[in-house]
Each structure stands twice: as structure tokens, then as C-alpha cells.
Amino acid sequence: MREKKGNYNKPIHPPKFLPKDGHFVLIFPYQSFRVKEDKVILTLGRNFAKKFGVMHLEIPLPKNIKGHRIKEVRILPKYNALWFEVEYVYEVQSEKKDLDHSKYLAIDLGVDNFATCVETIGTAFIIEGRWLKSFNRWWNKEKA
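Be aware that the sequence shown starts at 141, since it is given in our numbering, and climbs by one per residue.
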């Protein structure tokens, strides 16, 4: 048996496991579901059907998603899986806009001011960022 030299120089990280009381995000790619009228029908699989007696899960489709090609359905557990949130990943056709390419906006991100912005037409404005800094400080204090 050949011995390997230890010349791996990239940083390594331990695996990130799900917490003991954690829940997975359930993802259904487009091959695992079908859209029928105003419902999404999720296929759960034969083993699930044998164990729980349910082959399909039907979820009503929101009105704003009808007519779009859905790529993926995600089911997110919320508040320790007391309820679930359903996300839809779908394609939207981009709209053509008539833009004036002679006008620009320059944005300078800062520390005390979140952003300082200047337009080519001469207007300028500042977005204050002290509240964001304060919130960040509070968040770091809570995490510590």
C-alpha cells in the first residue's frame, strides 16, 4: 500500500450537521411534482405511501404564480415545525425597458452613512446608517 504525503494546503472545515432537534428543508425538483389546474401535486414516494398511506400531497397554487413555469417547490419548517412555509421557484420573463443610458447613479457605501448617492443630473442624497450600525451592535451583543 502506498503512503500519501500530507501536502494538502487548503483550509479544512468540519462537517456542518443539523442540530439534534432541527428539521430539513424539503425540496421537490420539477420532476417530482405536477401542476393540475390550481393545485401542485407533490409525489411522496412508495416507501412514504406504505408507511403513512398517502401517495400525493396537494397544495393550492397561489394566483400570482399561475401561468409560470415552476422549477422547484420548497417546504420550509417554521417555529420548530409547528407550521410550514411553501416556496415556489419559477421563471419570469424579463421586461424590456426603455432606459436612458446617458444617466448614471454612483453609490458610495460608508460606515456612518449607509450610502451616499450622486446622479449625473446633479441630485445627491444620503441614506443614514446609524440605525443599522446600532442594530448590528445589538445583534452581536445578543449572539455573544
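All residues carry an ideal CB built from backbone N, CA and C; glycine is no exception.
Classified as buried, leucine 201 has 16 or more neighbouring CB atoms from the shown chains inside 10 Å of its CB. For lysine 283, the enclosing alpha helix (DSSP H) begins and ends at 270-283. In the three-state reduction of the DSSP assignment, asparagine 147 falls in the coil class, being assigned neither a helical nor a strand state. Close CB contacts of leucine 184 within its chain, under the 7 Å cut and outside five residues either way in sequence, are with Val194, Met195, His196, Leu197 (chain order).
Taking every protein chain shown into account, the CB of valine 165 has fewer than 16 other CB atoms within 10 angstroms, so this residue is exposed.
Under DSSP, aspartate 248 forms a beta bridge with Thr256.
DSSP, read as helix, strand or coil, puts arginine 209 in coil. The DSSP assignment places complete alpha helix (DSSP H) segments of no fewer than 4 residues inside the segment 182-230 at 186-192, in order along the chain.
Around glutamate 227, the same chain offers Arg214, Leu216 as residues with beta carbons nearer than 7 Å, after the five sequence neighbours per side are excluded.
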